[in-house]
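S.K.: First residue of the sequence shown: 0, per numbering that gives the first Met the number 0; consecutive thereafter.
The C-beta atom is built at its ideal place from N, Cα and C for all residues, glycine as well.
One structure is given below, represented as structure tokens, and several questions about it will come after.
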Amino acid sequence: MAPPILLQLLAYASVASAAVASTSRSPQRISYANLSIAGGNDLLLDALTKDGYISIADITSSGGHQFREMKHDLMSSLHTCMMDIGDDVPMQHLEDGTVRKSFATTSLPSDDEKRAHQQPIHLLDEFLASGPRKSSACHAFQEQLTEFRSTVGDATRLFAARLSVELGMSLPSPLLLSSNDESGNNYENVESVVMGGEQLEHFHSYQKADDEKDGDDDATTIELHTDQGLFIAFTPGMFVDHSSKQSLELSNGFYVQDSTTGKNVLLDFTEDDDLVFMLGDAVNHIINAQLGDADGKKALRATPHALSLSTQQPRVWYGRMVLPPNDAYLPEATTTTFGQLRQVFVESSAKGESIPIGIGCSSNSQMVINTSRSLSEDGGHGVAANQCADEELF
0 MAPPILLQLL AYASVASAAV ASTSRSPQRI SYANLSIAGG NDLLLDALTK
50 DGYISIADIT SSGGHQFREM KHDLMSSLHT CMMDIGDDVP MQHLEDGTVR
100 KSFATTSLPS DDEKRAHQQP IHLLDEFLAS GPRKSSACHA FQEQLTEFRS
150 TVGDATRLFA ARLSVELGMS LPSPLLLSSN DESGNNYENV ESVVMGGEQL
200 EHFHSYQKAD DEKDGDDDAT TIELHTDQGL FIAFTPGMFV DHSSKQSLEL
250 SNGFYVQDST TGKNVLLDFT EDDDLVFMLG DAVNHIINAQ LGDADGKKAL
300 RATPHALSLS TQQPRVWYGR MVLPPNDAYL PEATTTTFGQ LRQVFVESSA
350 KGESIPIGIG CSSNSQMVIN TSRSLSEDGG HGVAANQCAD EELF
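Structure follows, in structure tokens:
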């Protein structure tokens with residue numbers, strides 16, 4: 000029998016269906032420079048408690064390059080590179096007729112506490128090794144890849160460090176206990192939890208199938224859900240314009256659930272939105288459940304969000320999901336680690352078995368389903384993801 004805490008952890012939870020919204024808004028923004036100034040203003044915590052997301056602007060790499068330009072150069076090559084590789088790229092057919100192709104990889108904890116260790120995109124490396132001149136797009140993508148991922152990693156650590164300071168004495172220390180008796184290192188704060196966990200990275204290209212018509216605004220590509228893990232850092236989606244070489248334009252169709260009204264709201268991104276941080280379900284259990292803040296003013300919000308595409312233009316996107324450390328005990332079950340819980344999902348998915356309703360989900364009426372099984376069935380080139388969905392959907 001699974002411990003009761005398993006009924007409430009690591010959700011990737013679908014909470015509604017239709018993504019269509021009648022209103023729109025822009026995300027709150029903070030500059031990369033101000034992100035490093037703890038206590039400079041209340042914008043970060045205000046955004047994360049009310050909305051559950053915030054946009055970071057004017058990011059610069061450690062090499063002095065503008066992230067906006069780096070992102071454009073990298074993402075403009077992604078879709079063409081995937082097309083050049085062909086059928087070996089893992090793909091998933093979504094219910095609205097959209098085909099999602101993916102590169103998947105991870106960044107792992109390292110001895111350098113300030114930087115995660117990048118793992119390669121094996122499929123890309125093997126493709127380029129088999130024929131170095133096969134694809135100029137894949138070469139262009141690979142040339143930008145390391146610095147791009149390093150810069151996202153630096154921003155992720157900075158975001159976690161600032162959040163640690165803002166939450167301050169409201170959280171216990173250590174925040175999570177480690178099961179690794181040999182290391183003796185517990186996870187003292189949010190920053191150490193983030194840097195001690197695996198960070199799942201996906202590069203996606205979405206495109207409607209040829210037999211699907213443009214203009215169906217009511218079609219939901221990805222249902223309203225809350226992400227697994229502590230948070231996700233992502234670049235706003237961009238449409239690839241085939242009429243102009245390497246031309247990108249910001250895409251629409253990304254919705255969030257308003258925290259006050261419960262209605263879906265379209266998020267309007269601009270070129271100022273370099274990287275967006277959006278909180279996931281694990282903040283409820285690792286942070287909110289352990290807050291000593293009696294009036295709840297520092298309780299963070301995990302953001303339900305959805306995607307609806309109504310055009311055949313390819314849409315490219317990058318996201319980095321931060322998971323709790325594998326060796327860390329669940330806050331309310333010190334005999335079970337987050338790694339053990341994840342292994343239950345992996346083994347059940349590999350066997351094609353259903354996970355009992357409630358286990359691994361925030362709601363006892365939901366069940367875990369694997370949403371990217373194709374990524375984990377391509378010879379080790381992918382990273383599987385799960386979500387929770389209401390039982391009635393099945």
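Let me check one thing: in DSSP terms, what residues is N263 bridge-paired to?
M.R.: Counting from 1 along the sequence shown, the entry for residue 263 is found at position 264. When DSSP reads this structure, N263 sits in a beta bridge with Q256.
S.K.: Can you list, in chain order, the stretches of the beta strand (DSSP E) that have 3 or more residues and sit fully within the stretch 256-337?
M.R.: 263-266, 274-278, 304-306, 314-321, 332-336
S.K.: Identify the residues that DSSP records as bridge partners of R161: which are they?
M.R.: For this step, residue 161 is matched to residue 162 along the sequence shown. Paired residues: none, contrary to the question.
S.K.: In chain order, what residues of the same chain lie with their CB nearer than 8 angstroms to the CB of L249, ignoring the 5 residues before and after it?
M.R.: Indexing the sequence shown from 1 puts residue 249 at position 250. Excluding positions up to five away in sequence, the list reads P235, G236, M237, F238, F268, T269, E270.
S.K.: When you compare the CB positions of G51 and L299, do they come within less than 8 angstroms of one another, or not?
M.R.: As a position in the sequence shown, residue 51 is number 52, starting the count at 1. As a position in the sequence shown, residue 299 is number 300, starting the count at 1. Yes. Within cutoff.
S.K.: How many angstroms separate the CA atom of Q312 from the CA atom of K207?
M.R.: Sequence index remark: in the sequence shown, residue 312 carries index 313 (1-based). Sequence index remark: in the sequence shown, residue 207 carries index 208 (1-based). Taking the straight line joining both Cα atoms gives about 8 angstroms.
S.K.: With 16 as the cutoff for other CB atoms within 10 Å, does S418 come out buried or exposed?
M.R.: The question about residue 418 has no answer, for the chain in this structure spans 0 to 393.
S.K.: Run the CB neighbour count on T302, radius 10 Å, all protein chains shown included, and call it buried at 16 or more, exposed below.
M.R.: Indexing the sequence shown from 1 puts residue 302 at position 303. Burial call: buried.
S.K.: Based on the DSSP output, what are the partners of L249 in its beta bridges?
M.R.: On the sequence shown, position 250 is the one that residue 249 refers to. Answer is M237, bridged to L249.
S.K.: Counting along the chain, where does the beta strand (DSSP E) carrying C98 start and finish?
M.R.: The residue given as residue 98 occupies position 99 in the sequence shown. Reading off the sequence shown, one finds Val at residue 98, where the question assumed Cys. That run of the beta strand (DSSP E) goes 97-107.
S.K.: Is it buried or exposed for M81, if we count other Cβ within 10 angstroms and need 16 for buried?
M.R.: Position 82 of the sequence shown holds residue 81. Classification of M81: buried, given that the 10 Å Cβ count is 16 or more.
S.K.: Does the ligand SAH have even one heavy atom less than 7 angstroms from the beta-carbon of A281?
M.R.: Looking at this structure, you won't find the ligand SAH or any other ligand, since it has none at all.
S.K.: Is F66 near S75, with beta carbons less than 8 angstroms apart?
M.R.: Indexing the sequence shown from 1 puts residue 66 at position 67. Indexing the sequence shown from 1 puts residue 75 at position 76. Contact flag unset, no.
S.K.: Just checking my contact of F276 with I55 at CB under 8 angstroms: how many whole Å lie between their CB atoms?
M.R.: Taking the first residue of the sequence shown as position 1, residue 276 is located at position 277. Taking the first residue of the sequence shown as position 1, residue 55 is located at position 56. Yes, F276 and I55 are in contact; Cβ-Cβ is about 7 angstroms, under 8 angstroms.
S.K.: Kindly give me the distance between the Cβ atoms of M69 and Q143, rounded to whole angstroms, as I take these residues to be in contact under 8 angstroms.
M.R.: The residue given as residue 69 occupies position 70 in the sequence shown. The residue given as residue 143 occupies position 144 in the sequence shown. Indeed, because the Cβ distance is near 6 angstroms, the residues count as touching under 8 angstroms.
S.K.: Classify I58 as helix, strand or coil using the three-state DSSP reduction.
M.R.: Taking the first residue of the sequence shown as position 1, residue 58 is located at position 59. Looking at I58 - three-state DSSP - the assignment turns out to be coil, as it is neither helix nor strand.
S.K.: If you follow the alpha helix (DSSP H) that S134 is in, where does it begin and where does it stop?
M.R.: Walking along the sequence shown from the start, residue 134 turns up at place 135. Where S134 is concerned, there is no enclosing alpha helix (DSSP H), given that its DSSP letter is neither H nor E.
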